[in-house]
Amino acid sequence: MRVILMTGKGGVGKTSVAAATGLRCAELGYKTLVLSTDPAHSLADSFDMELEHAPRQVRPNLWGAELDALMELEGNWGAVKRYITQVLQARGLEGVEAEELAILPGMDEIFSLVRMKRHYDEGEYDVLIIDSAPTGTALRLLSLPEVAGWYMRRFYKPLQAVSAALRPLVEPLFRPIAGFSLPDQQVMDAPYEFYEQIEALEKVLTDNSQTSVRLVTNPEKMVIKESLRAHAYLSLYNVATDLVVANRIIPDQVTDPFFQRWKENQQQYRREIHENFSPLPIKEVPLYSEEMCGLEALERLKETLFTEGEDPAQVYYKETTLRVVQEQNQYSLEVYLPGIPKNKVELSKTGDELNIRIGNHRRNLVLPQALAALQPAGAKMEEDYLKIRFAAI
């Protein structure tokens with residue numbers, strides 16, 4: 203199954219791009235599902251039809267769905283949620299407060315990605331297009347398997363076995379004193395099963411032969427920086443980006459003086475998009491005179507995004523443009539710069555931004571937090587990659 207994740211800062215038009223991409227995939231004969239995992243769903247508005255948790259057919263070969271995070275949470279975490287609620291209520295919390303605190307922050311986002319893994323396992327569709335949360339917030343939680351794995355294997359599994367053995371002996375004495383029961387087997391199994399799902403999902407998302415992220419951005423300073431930051435975080439977790447869509451560019455036929463300053467600024471930011479995301483391919487989409495709502499409007503967007511016969515399910519760029527590597531407690535940032543000799547490269551760092559200058563060209567990289575607190579401590583060119591070593595200040 204081909205998996206395409208559309209992400210970008212809120213309001214850049216990623217839902218419209220996801221829907222239009224789905225239209226072209228379906229047109230080419232792929233059985234396609236466009237799934238919205240964004241808590242602020244707008245996919246139904248984009249298709250101009252009601253969508254639910256279960257996929258609904260939009261047109262031949264095309265289905266749409268808006269994920270209900272509460273339903274996913276109940277199915278994956280319901281037993282644990284009910285037990286934690288029971289414990290909190292026994293400690294004096296009111297019912298609603300206890301239920302809210304029983305859900306850990308970010309779990310709804312993780313469960314939305316688990317839903318994606320279930321569609322992948324079922325294999326019912328040829329192409330799965332995810333309209334994800336803004337800037338891929340949920341993807342940053344992919345560090346969870348690395349952090350949780352060690353604890354799960356060394357502590358949780360032994361604790362699980364001990365709990366199962368002692369529960370029949372301790373439970374009669376425990377409940378009258380504490381006011382709640384010890385966790386049963388279903389509650390004890392749920393966290394490890396949840397961890398296994400996330401670990402399996404990570405393998406799908408980091409397989410760049412079948413999974414790609416497509417960043418949707420606008421020619422605006424704050425939006426570009428957010429997109430660069432998202433690209434850096436995705437690279438940190440080895441999730442490949444194969445295409446950037448620069449959306450809402452004011453067309454040349456707009457000559458009203460009111461927009462002249464906007465157009466001049468956009469020209470500058472368009473250059474920055476091409477320079478900072480190079481060598482990723484970039485598609486530009488104009489600002490339309492109407493909202494992208496309904497199939498007729500999406501058809502126009504589809505024709506702008508893709509040439510006749512172009513297959514959006516292809517992997518547009520196979521090289522990894524940005525990699526963050528950790529070796530022996532040291533980080534290095536590897537940037538793909540084909541054909542550029544090292545002596546032509548100048549580096550400087552300000553705050554969380556790394557500036558790479560090559561002749562008259564400049565590229566700004568927004569660093570992930572793991573690197574932002576460090577300083578460049580050397581660089582070398584190997585196999586078309588500029589490898590920058592970072593060290594503590």
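The opening position of the sequence shown corresponds to residue 203 in our numbering, with each subsequent residue numbered one higher.
Just so it is clear, CB atoms sit at the ideal spot from N, CA and C, and this is done for glycine as well.
These numbers come from a predicted model, not from an experiment.
Secondary structure at MET273: helix, using DSSP grouped into helix, strand and coil. Taking the Cα positions, ASN467 is about 11 Å away from ILE451. Around the beta carbon of PHE508, 16 or more other beta carbons lie within 10 angstroms, which makes this residue buried.
Counting along the chain, no beta strand (DSSP E) covers ASP247; the unbroken alpha helix (DSSP H) around it starts and ends at 245-249. Note on SER238: 16 or more other CB atoms within 10 angstroms of its CB, so buried under the neighbour-count rule. The closest CA to that of LEU235, considering only THR223, ARG591, GLU584, is found on THR223.
The residues THR234, ASN263, LEU264, in chain order, have a CB closer than 6 Å to that of ALA228 in the same chain once the five nearest residues on each side in sequence are set aside. For the pair SER244 and HIS321, the Cα-to-Cα distance works out to about 21 Å. Within the same chain, Cβ atoms closer than 8 Å to the Cβ of GLU555 are found at ASN566, LEU567, VAL568, LEU569, the five residues on either side in sequence being excluded. For TYR533, the pairing in a beta bridge is given by DSSP as GLN528, PHE592.
When the beta-carbon positions are compared, VAL415 and ALA442 come within less than 8 Å of each other.
For LYS465, the enclosing alpha helix (DSSP H) stretches over residues 462-479. For the pair TYR519 and PRO543, the CB atoms are not nearer than the 8 Å cut-off. Taken through DSSP and simplified to helix, strand or coil, GLY266 comes out as strand. Within the DSSP bridge table, the entry for LYS485 names VAL447 as partners.
Shown here, ALA581 sits in a strand according to DSSP, grouped into three states. In the structure shown, VAL214 adopts coil according to DSSP, grouped into three states. VAL260 carries a strand assignment under DSSP once its states are collapsed to helix, strand and coil. The alpha-carbon separation between ASN440 and GLU536 amounts to approximately 12 Å. Burial state of MET494 is buried, judged by a 10 Å Cβ sphere holding 16 or more other Cβ atoms. Take the alpha-carbon of ALA499 and the one of HIS255: they are about 24 Å apart.
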